[in-house]
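The numbering used here numbers the first residue of the sequence shown as 309 and each following residue consecutively.
Where a beta carbon is used, it is the ideal one built from N, C-alpha and C, also for glycine.
Here the structure is laid out as structure tokens; the discussion comes afterwards.
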Amino acid sequence: MPELTFTPVIGIEIHIRLKSDSKLFCSCSTNTDAAPNTNICPVCMGLPGTLPHLNHRVVEQGMLAGFALNCGIRPKSLFFRKSYFYPDLPKGHQISQCDLPITTSGYIEVHDAEGKLKKIRVHHLHLEEDVGSLHHSASDGRLEGADTSYVDYNRSGTPLAEIVSEPDVASAAEAVEYVMTLRRRVIYSGASDVELEKGMMRFDANVSMKCSDGRWGHKVEVKNMNSFKALERAIEYEIKRQKKIMLQGGEVMQETRHWNDAKGVTSASRVKEFYRKFIVEPDLPPLFISQEWIDRVAARMPEMPDVRANRYVNEWGVPQEVADVLTDDKNLADYFEACVKAGANPVRAAHWVRTEVLRVLNERGQKIQDFAMRPEVLAEVVKRVDDGKLSTTQGKEVFDHMAANNSSLDEAISALGITEGGVAGSALNEIIARVISENPDVLEEIRSGKDKKGKKLKFLQGLVMKETKGQAKPQEVAEAVAEAVK
Ligand SMILES: [Zn+2]
Numbered sequence: 309m310p311e312l313t314f315t316p317v318i319g320i321e322i323h324i325r326l327k328s329d330s331k332l333f334c335s336c337s338t339n340t341d342a343a344p345n346t347n348i349c350p351v352c353m354g355l356p357g358t359l360p361h362l363n364h365r366v367v368e369q370g371m372l373a374g375f376a377l378n379c380g381i382r383p384k385s386l387f388f389r390k391s392y393f394y395p396d397l398p399k400g401h402q403i404s405q406c407d408l409p410i411t412t413s414g415y416i417e418v419h420d421a422e423g424k425l426k427k428i429r430v431h432h433l434h435l436e437e438d439v440g441s442l443h444h445s446a447s448d449g450r451l452e453g454a455d456t457s458y459v460d461y462n463r464s465g466t467p468l469a470e471i472v473s474e475p476d477v478a479s480a481a482e483a484v485e486y487v488m489t490l491r492r493r494v495i496y497s498g499a500s501d502v503e504l505e506k507g508m509m510r511f512d513a514n515v516s517m518k519c520s521d522g523r524w525g526h527k528v529e530v531k532n533m534n535s536f537k538a539l540e541r542a543i544e545y546e547i548k549r550q551k552k553i554m555l556q557g558g559e560v561m562q563e564t565r566h567w568n569d570a571k572g573v574t575s576a577s578r579v580k581e582f583y584r585k586f587i588v589e590p591d592l593p594p595l596f597i598s599q600e601w602i603d604r605v606a607a608r609m610p611e612m613p614d615v616r617a618n619r620y621v622n623e624w625g626v627p628q629e630v631a632d633v634l635t636d637d638k639n640l641a642d643y644f645e646a647c648v649k650a651g652a653n654p655v656r657a658a659h660w661v662r663t664e665v666l667r668v669l670n671e672r673g674q675k676i677q678d679f680a681m682r683p684e685v686l687a688e689v690v691k692r693v694d695d696g697k698l699s700t701t702q703g704k705e706v707f708d709h710m711a712a713n714n715s716s717l718d719e720a721i722s723a724l725g726i727t728e729g730g731v732a733g734s735a736l737n738e739i740i741a742r743v744i745s746e747n748p749d750v751l752e753e754i755r756s757g758k759d760k761k762g763k764k765l766k767f768l769q770g771l772v773m774k775e776t777k778g779q780a781k782p783q784e785v786a787e788a789v790a791e792a793v794k
């Protein structure tokens, strides 16, 4: 009997808080960190006789997020009432676009197990309001000693985008890349800051398994993941759990399970989902979006981070890993590109920003916007190292001195007592090491004694002279190269 294989089939639902100063249907502040129940009004409390009023700025944020997911915008969408009772929902219903959302379908590209790009289709993005938050004394240190639950309605009515994928995700790794790529793109679009530690992005996953013997397991909805790590662990756990059941000939039950991050397990939800009655929200007209409005918002979209990273890789030869780091933060990518524009070699500049600039920023807990050294100045340091006027070690010393003292390049060079000009010493040695490492076959011939007439040695010496742009003494180069190949 052939060994059974299993293919995970995973769909992901994401809630993202959209960036807005005011709530979705009233003018209350969206500051959820304020003292409990201070940013509320009759509208977001759903008091009788109040009417919701749609915040058009949030509609634009939703459009931007949609563009970031390669979605189209529907000319007409609707709001619905999802009626259910829960203490964090004072109105007794949540207003959501669930059935006729603002966007059409889209996609996000991720790498599959073989490293090939594949599309994870996005079914749609819709707008909805968030609910309040509950604080239980047992889990919330703020209310130590109390055996009471408190409800804070500051979050009621803050704007959310819910993003629903098709079940195209085949592993926990793909799921994580999908949500990370999606998050970066949404941040770039300006639709949200998506600060994970502030709970601005929450995940649910639908996981089922297809067996090579033709069996399909039921779909299990896993809820309550608030970090990339939790999403990854929850999916891995669920894949293992379902596989085990199917290997034993059992049947995976269709159910909702909750991820327990502390224990690292999912468990069946004890709370039965309430029946949610959907009706078209009678207090809100359909949302009509003109082509002119769509075009105006679309014009605000910047180049997306993965597209940008691919450009660095394909046009400039920057390694993928470095390109990903640089484009993770739009301002950092802008800084790097300004460096290149100022004449620095793109690959070298990328490494300088990736290692030296980020190191200094991490040490200081700063962002690139706070970094005093202008990209044009860093470009000059990179160029001097590239020209061999400064060794890499000297370049780093100069860079550190400039960063620490806010000094100019010339000030740093004279403060460190570095004499520029002729290429010698460590700068020359670095060039020789580079030339040798780029010509391993030539080195091999010399070392194996095949270079009887010394032609290969001369070839290397010539390359080094060329790299120094004639700034080194030929005799010194000849001796240093001869020494280096021994
Ligand atoms: Zn309000």
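- Secondary structure at ALA499: coil, using DSSP grouped into helix, strand and coil.
- Burial state of ASP476 is buried, judged by a 10 Å Cβ sphere holding 16 or more other Cβ atoms.
- Contact annotation: ALA617 and SER500 have beta-carbon atoms that are not nearer than 8 Å.
- With respect to the C-alpha of PHE596, the residue from HIS364, LYS331 and LEU326 having the closest C-alpha is HIS364.
- For ASN713, the enclosing alpha helix (DSSP H) stretches over residues 700-713.
- Bridge pairing for TYR415: ARG429 [DSSP].
- With a cut-off of 8 Å on Cβ pairs, the stretch 589-603 is not in contact with the stretch 482-496, counting fewer than three such pairs.
- Counting C-beta atoms within 10 angstroms of its own C-beta, ALA657 has 16 or more neighbours from the protein chains shown and is therefore classed as buried.
- According to DSSP, ARG565 shares a beta bridge with VAL530 and ALA576.
- HIS361 carries a coil assignment under DSSP once its states are collapsed to helix, strand and coil.
- In the three-state DSSP reduction, CYS647 falls in the helix class (H, G or I).
- Pairwise C-beta distances place the stretch 337-347 out of contact with the stretch 396-414, as fewer than three of them are shorter than 8 Å.
- Of the candidates PRO383, GLN405 and LYS766, the residue whose Cα lies closest to the Cα of PHE586 is GLN405.
- In this structure, the beta-carbon distance from VAL430 to SER464 does not fall below 8 Å.
- Taking ASP341 as reference, the option from THR466, LYS426 and LEU386 with the minimal CA-CA separation is THR466.
- Fewer than three beta-carbon pairs drawn from the stretch 743-763 and the stretch 717-725 are found closer than 8 Å, and the two stretches are therefore not classed as touching.
- Apart from the 5 residues on each side of it in sequence, MET609 sits with its Cβ closer than 8 Å to the Cβ of LEU372, PHE375, ALA376 and SER497 in its chain, given in chain order.
- Counted as a single uninterrupted DSSP element, the alpha helix (DSSP H) harbouring ASP749 occupies residues 748-755.
- The straight-line gap separating the alpha-carbon atoms of LYS761 and SER745 is approximately 22 Å.
- Secondary structure of LEU435 (DSSP, three-state): strand.
- Residues of the same chain with a CB within less than 6 Å of the CB of ALA631, apart from the 5 flanking positions on each side, are ALA617, TYR620 and VAL621 in chain order.
- Around ligand 1, the residues whose beta-carbon falls short of 6 Å from at least one of its heavy atoms are LYS331, CYS334, CYS336, ILE348, CYS349, VAL351, CYS352 and GLY465, given in chain order.
- Sequence-distant Cβ neighbours of GLY370 in its own chain, meaning closer than 6 Å and more than five residues away, are ILE410, LEU435 and ALA469.
- Assignment of beta-bridge partners to PRO316 by DSSP yields MET517.
- The DSSP-derived three-state label of ALA469 is strand.
- Here DSSP, grouped into helix, strand and coil, assigns PHE536 to helix.
- Annotation: ILE348 is outside any alpha helix (DSSP H) and is labelled neither H nor E by DSSP.
- Taking C-alpha positions only, VAL615 is separated from LYS427 by approximately 14 Å.
- Secondary structure of SER716 (DSSP, three-state): coil.
- One Cα belongs to LEU765, the other to GLU738, and the distance between them is close to 17 Å.
- MET508 sits buried, since 16 or more C-beta atoms from the chains shown fall within 10 Å of its C-beta.
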